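Before any comments, here is the structure.
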Amino acid sequence: MKIISDIQELRDHLRGQNRASFVPTMGNLHEGHLSLMRLARQHGDPVVASIFVNRLQFGPNEDFDSYPRTMQADIDKLEKEGVYILFAPTERDLYPQPQEYRVDPPQQLGDILEGEFRPGFFKGVCTVVLKLLSCVQPKVAVFGKKDYQQLMIIRQMTKQFALPVDIIPGETIRAQDGLALSSRNGYLSPDERAEAPQLQKLLQEVREQVLNLNVRDTSAIEQIEKDAIAKLTGRGWQPDYIAIRQRSDLAPSNNQSLEAGEPLVILTAAKLGKTRLIDNLEI
39 MKIISDIQEL RDHLRGQNRA SFVPTMGNLH EGHLSLMRLA RQHGDPVVAS IFVNRLQFGP
99 NEDFDSYPRT MQADIDKLEK EGVYILFAPT ERDLYPQPQE YRVDPPQQLG DILEGEFRPG
159 FFKGVCTVVL KLLSCVQPKV AVFGKKDYQQ LMIIRQMTKQ FALPVDIIPG ETIRAQDGLA
219 LSSRNGYLSP DERAEAPQLQ KLLQEVREQV LNLNVRDTSA IEQIEKDAIA KLTGRGWQPD
279 YIAIRQRSDL APSNNQSLEA GEPLVILTAA KLGKTRLIDN LEI
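In structure tokens, the structure reads:
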């Protein structure tokens, strides 16, 4: 595996490779990331991964400095997966000048849910993803469905900018007890780790409640959301949101869309102690 930090060197190595597949990450790799590498190999060759902790998507009170960085362990894992190139730029490599040009997603998608509780997050994500795609110029890029809203925003961004890259979704990988794998799970204390799977269990309960509604209307949906938030709070969590949304655009359901059987997704973000976890479940 070649480890490259310089953009021009990366392009030199990939010149003539018009079927490259790309998996961008922030490192601290786990089985969820590695499953994306395997999925990337099914859709293109060679496989290029990146590791870059992107300052632009962290808020002033978030964990940029303490975000886990495990470069050597990550390199070992990527080599075992047969990744061809690891693009691991420094901030000076990727942002040789202050990144004054930013990509701002539309408010109706970028300022809701995660965007409401993490202002500027998706602007930072879109900016770095667009730059990484420009550097690698892959045929396909793979993103995990655990970051459901992020996946949707990146898909829309590549479509609107007419980027010649297909965005491939990767299924969420979970521990045996149902907890979605995440780099931030390492922040959990033993007691918190034992409690953490309750988040996915609650989403399963919410899905069953929605499916069992005799009359699927917006007031019933809103009550299910409120009850779920209350239940999570009662277990000691600090929920930001539990939202049942349309899969097509993450807008709240209306009675017409419910009656038409519009596919739905439940999205949640909640703090357990000091650790903020996100998850989702399609209906």
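Here our numbering is used: the first residue of the sequence shown is 39, the next is one more, and so on.
Don't be surprised by glycine CBs; every beta carbon is placed ideally from N, CA and C.
Quick caveat: nothing in here was measured; it's all calculated off a predicted structure.
Same chain, Cβ closer than 7 Å to residue i, five either side skipped, listed in chain order
| i | result |
| --- | --- |
| T271 | P277 |
| A133 | Strictly speaking, residue 133 in this sequence is Tyr, with Ala absent from that position. Within the same chain, Y133 has no close Cβ partners at all. |
| T128 | S43 |
| V141 | K161, C164, T165, L168, M195 |
Cβ separation of residue i and residue j, assumed to be a contact under 8 Å, to the nearest whole Å
| i | j | result |
| --- | --- | --- |
| A58 | V174 | 7 Å |
| A78 | V178 | 7 Å |
| N66 | R107 | 7 Å |
| K240 | T313 | In the sequence on display, residue 240 carries Leu and not Lys. 17 Å between Cβ atoms; not a contact. |
Member of the options whose CA lies at the smallest distance from the CA of residue i
| i | options | result |
| --- | --- | --- |
| G216 | E119, E233, R93 | E233 |
| L315 | L237, K269, F96 | L237 |
| C164 | L226, F96, A289 | F96 |
| V91 | P62, E69, A307, H71 | P62 |
| K184 | Q137, A111, E100, R212 | R212 |
| L319 | A307, Q242, D287, A308 | Q242 |
| L171 | D142, L147, L201, R273 | L201 |
| I364 | P176, D229, H71 | The structure shown does not extend to residue 364, since the chain is modelled only from 39 through 321, so no value can be given for it. |
| Y139 | P235, K169, T256 | K169 |
| Y186 | I304, E47, D101, I45 | I304 |
| A289 | K309, T256, K269 | T256 |
| T210 | H71, A268, G158, V248 | H71 |
| M75 | P136, Y279, K115 | K115 |
| N293 | D265, A266, N99, L251 | L251 |
| S73 | P98, Q137, G120, K40 | G120 |
Residue i - DSSP class collapsed to helix/strand/coil
| i | result |
| --- | --- |
| F325 | The chain is shown from 39 up to 321; residue 325 falls before or after that span and cannot be answered. |
| E119 | coil |
| Y225 | helix |
| E209 | coil |
| Y186 | helix |
Contacting residues, own chain, Cβ-Cβ under 8 Å from residue i (five flanking each side not counted)
| i | result |
| --- | --- |
| Q188 | E152, F160, V163, F181 |
| I191 | P143, L147, G148, F160, V163, C164 |
Sequence-distant residues of the same chain with beta carbon closer than 6 Å to residue i, five excluded per side
| i | result |
| --- | --- |
| P301 | R285 |
| G311 | E230 |
Within-9 Å CB hit, residue i to chain D
| i | result |
| --- | --- |
| Q247 | Note that chain D does not occur in the displayed structure, where there is just one protein chain. |
Could you say if the segment 79-92 and the segment 123-130 meet the contact criterion of at least three C-beta pairs nearer than 8 Å? yes
Does the segment 278-295 come within contact of the segment 149-156, defined as at least 3 CB pairs closer than 8 Å? yes
Are the segment 192-206 and the segment 222-231 touching, with three or more C-beta to C-beta distances below 8 Å? no
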